[in-house]
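Below is one structure; the comments refer to it alone.
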Amino acid sequence: MNTRFLKTTIVKPVKKCEIHRAGWLIVNPWHIIKNGYVKIENHIIKEVSKDRISSGCLESDYIDHGTGVLMSPLVNAHTHLELSFFKDKLDMRNGFETWVRKLLELREKTDTKIIKEHAQKSIYELYNSGVLYVGEISSTGITKKILEQSPLLGVWFHEFLGTKLSKEKSTFIDEPGKLHYSVAGHAPHTTSPELLKLKKKQASLKNLPFSIHVSESDAEIKFIKTCKGKWAQFLKERKIDFSFWNLPQKSPVIHLFNHGLLDPLTIMVHVLSSDDQDLEKIVKSGAKVCVCPRSNMNLHGKLPNLEKMLKIGIKPALGTDSLASCASLSIFDEMKYIVNNFNNILPSDLLAMATQYGADALGIGECAGSLEIGKGADMLYISLKAKTETELLEKIIGYEPKKI
Ligand SMILES: [Zn+2]
C-alpha cells in the first residue's frame with residue numbers, strides 16, 4: 004500500500020493571544036464546526052466558535068489557514084524508532100519466531116550510528132505526516148536523546164525484558180507540554196512477572212503510563228498456556244529461566260491481570276488474539292489498549308477484534324509498531340488500512356482512536372487529543388476541501404466511496 008499524501012502542517016501558536024480560522028474546525032470527532040474559529044491565550048485554547056471571535060487579540064494575531072481543517076495533531080501510540088533501519092530487511096513470510104531471530108542477529112551486527120540516522124529520519128516522517136505525539140519504546144536507550152531533541156512529544160518508554168531485576172536507573176518525567184519519560188515491560192512471555200511488577204510499580208509511583216505487548220503471537224499464547232512450544236525452546240536457548248513465572252495461566256491477559264499489572268495507566272499493545280473473557284478483564288481493569296493492525300497482518304496474518312472492543316467500551320489507541328513490520332509510521336495510513344479491512348467502525352470512532360484515545364493511553368489526554376477549551380493549543384492543519392462533515396471525516400480517514 005502506498006503512503007497517503009495529505010498536505011499537513013503542525014501549528015504551534017507562539018504569541019500571547021492568537022485567533023485561528025479554517026474552513027473546518029474539529030473540536031473533537033463529535034463536535035465539528037464549519038468555518039470555525041479558535042482563540043488561544045498563553046498556549047491554551049480559550050474559545051471555539053463558528054463566528055469570528057473579536058475580543059482580545061490584535062488584528063495581526065489573526066491567522067486564516069484556508070479551506071481545510073484544523074484539528075488535534077495525530078497520536079502514534081506505539082513505535083520503535085530504533086528498528087527503522089530494518090525496514091525491508093526482514094522477511095515476514097516465515098513466521099514471527101524467524102522474524103525475531105533475524106532481527107536480533109542483524110541488530111547485533113549493525114552500527115549504532117546507522118540506527119540513529121534512520122530513527123532521526125523516521126521522526127521527521129512522523130512529524131510531516133501530522134503526528135505530534137508518540138509512545139516510543141526503546142530497549143537500547145538509543146532513541147532517548149534523538150526524541151528529546153525533536154519536535155515530537157508524548158512518552159519515551161525505556162523497555163525491559165528477561166528476568167534480571169535491573170539496577171539500571173530509568174528517568175521518569177511528567178511535565179505538561181514536554182516529552183514524558185516512563186518504562187515498559189516487553190511482554191508476558193519474555194519478561195518475568197517479578198520484573199514486570201517492579202517496573203509497573205516504578206511507573207505508577209510517578210503516575211505515568213506503563214506499556215507492554217500482550218497477546219500478539221500464537222507462540223506467546225501457547226507458551227503462557229502450556230509452558231511448551233517454540234517459545235519455550237527459544238527462551239531455553241537464550242538461558243532464560245521461566246520456572247518461577249507462575250505459569251501456565253489461562254491466557255496472557257489473565258496472567259497480567261492476576262499479577263495486578265492491569266489498571267488505567269497500563270497500555271496493552273496488540274491484544275490480537277484475545278477471547279471474550281480477556282476483553283471483559285480489560286474493561287474491568289480500565290487498562291488501555293493500543294492496536295497496530297498493519298503490523299499484525301504482516302507478522303501474524305490476522306487482525307484484532309476492533310469492532311468488539313469498541314462495542315464493549317474499550318477505546319483503543321492506534322500505533323504502527325516499527326518499520327521492521329510495517330510499511331510506514333503514518334497514522335493516516337493506519338486509519339485507511341482499518342477503513343479497508345473493517346466494515347463496522349464509525350469514522351468518528353476511528354478519528355478518536357487516532358487522536359483522543361491515543362492521548363488518553365499516553366496519559367496526556369487532559370491537555371492533548373482534541374481542541375476542547377482548556378487544552379494545549381498545538382494543532383494540525385490539513386489542506387483539503389469538503390462540502391459536508393461526512394465528506395470531511397471520510398477524507399481524513401481515507402475512505403473512498405465506490406464509483407458507480
Ligand atoms: Zn512493539
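Residues in the sequence shown are numbered consecutively from 4, following this note's numbering. Even glycine gets a Cβ: it sits at the ideal position worked out from N, Cα and C. Bear in mind that the values here come from a model prediction, so they are computed numbers and not experimental data.
Asked	Found
Starting from M356, trace the alpha helix (DSSP H) both ways and give me its first and last residue.	350 to 357
Would the C-beta of D67 count as close to ligand 1, meaning under 6 Å from any of its heavy atoms?	no
Since C295 and I270 are thought to touch, with beta carbons under 8 Å apart, how far apart are those beta carbons, to the nearest angstrom?	Not confirmed; about 12 Å, so no contact.
Which runs of the alpha helix (DSSP H) fall wholly inside the stretch 279 to 317 and span at least 4 residues, in chain order?	279 to 288, 296 to 303, 309 to 314
Near P404, what residues of its chain come up, given a Cβ to Cβ distance below 8 Å and the 5 sequence neighbours on each side ignored?	E397
I'd like the list of long-range same chain contacts for S3, defined as Cβ closer than 6 Å, with 5 residues on each side in sequence excluded.	What is shown of the chain runs 4 to 407, which leaves residue 3 out entirely.
Have a look at S195, S386, W33, M382 and flag the residue whose alpha-carbon is nearest the alpha-carbon of V78.	M382
Would the beta-carbon of L275 fall within 7 Å of that of N301?	no
For my contact list, T143 and I385 are in at a C-beta cut-off of 8 Å; report their separation, rounded to the angstrom.	Going by Cβ atoms, the distance from T143 to I385 rounds to 34 Å, so no, they are not a contact pair.
Relative to ligand 2, is the shortest distance from any of its heavy atoms to the C-beta of D324 smaller than 6 Å?	Looking for ligand 2 in the displayed structure turns up nothing; the ligands present are ligand 1.
Skipping 5 residues on each side, what residues in its chain have a beta carbon closer than 6 Å to that of L387?	G71, K398
Take I47 and list the residues in its own chain whose beta-carbon comes closer than 8 Å to its own, dropping the five residues that flank it on each side.	G377, K378, G379, A380
Going along the chain, which residues of its own chain have a beta-carbon closer than 7 Å to the beta-carbon of L3, five neighbours each way excluded?	An answer regarding residue 3 cannot be provided, because it is not within the stretch 4 to 407 covered by the chain.
Taking C-alpha atoms, which residue in V158, L309, Q359, V41 lies nearest to I348?	L309
Quick check on DSSP: helix, strand or coil for F160?	strand
Please identify the residue among D94, I400, F88, K181 whose C-alpha is closest to the C-alpha of I145.	F88
For the beta strand (DSSP E) containing L387, list its first residue and its last residue.	That residue, L387, is in no beta strand (DSSP E); it is neither H nor E in DSSP.
Which same chain residues end up closer than 7 Å to Y360 when comparing Cβ atoms and leaving out the 5 residues on each side of it in sequence?	K318, P319, A320
Could you tell me the alpha carbon to alpha carbon distance between G263 and Y402, rounded to whole angstroms?	40 Å
Would a C-beta distance cut-off of 7 Å place P179 and C370 closer than the cut-off?	yes
When we look at the beta-carbon of F260 and count the other beta-carbons within 10 Å, is it buried (16 or more) or exposed?	buried
Flag I149 as yes if its beta-carbon sits less than 7 Å from any beta-carbon of chain C, otherwise no.	No chain C is present in this structure, which holds just one protein chain.
Below 8 Å on the Cβ atoms is my guess for R7 versus D363; work out the distance and round it to an integer in Å.	Going by Cβ atoms, the distance from R7 to D363 rounds to 25 Å, so no, they are not a contact pair.
Give a yes or no on whether the C-beta atoms belonging to G289 and P267 are separated by under 7 Å.	yes
Going by other Cβ atoms of all chains shown within 10 Å of its Cβ, with 16 needed for buried, is G316 buried or exposed?	exposed
Counting only the same chain and skipping the five closest in sequence on each side, list residues whose C-beta sits under 8 Å from that of E223.	A190, P191, H192, W234, P255
Taking the continuous alpha helix (DSSP H) assigned at A222, which residues delimit it?	221 to 229
Whole angstroms is fine: what's the gap from E21's alpha carbon to L250's?	57 Å
Quick check on the burial criterion: 16 or more other C-beta atoms within 10 angstroms. Buried or exposed for E240?	exposed
Suppose the cutoff is 8 Å on Cβ atoms and the five residues either side in sequence are ignored; what does the same chain contact list for L306 look like?	L275, P296, N299, M300, N344, F345
By the three-class DSSP mapping on this structure, what secondary structure does T113 have?	coil
Determine the extent of the alpha helix (DSSP H) in which H258 is found, giving its start and end residues.	255 to 261
Using CA coordinates, which residue listed in K18, R96, E108 is at the minimum distance from L61?	K18
In chain order, what residues of the same chain lie with their CB nearer than 6 Å to the CB of K225, ignoring the 5 residues before and after it?	G232
By DSSP's criteria, R96 is part of a beta bridge. Which residues make up the other side?	Answer is none; R96 lacks a bridge partner.
Here's a check: name, in chain order, each residue in its chain whose Cβ is nearer than 6 Å to the Cβ of A206, leaving out the five neighbours to either side.	S185, V186, F213
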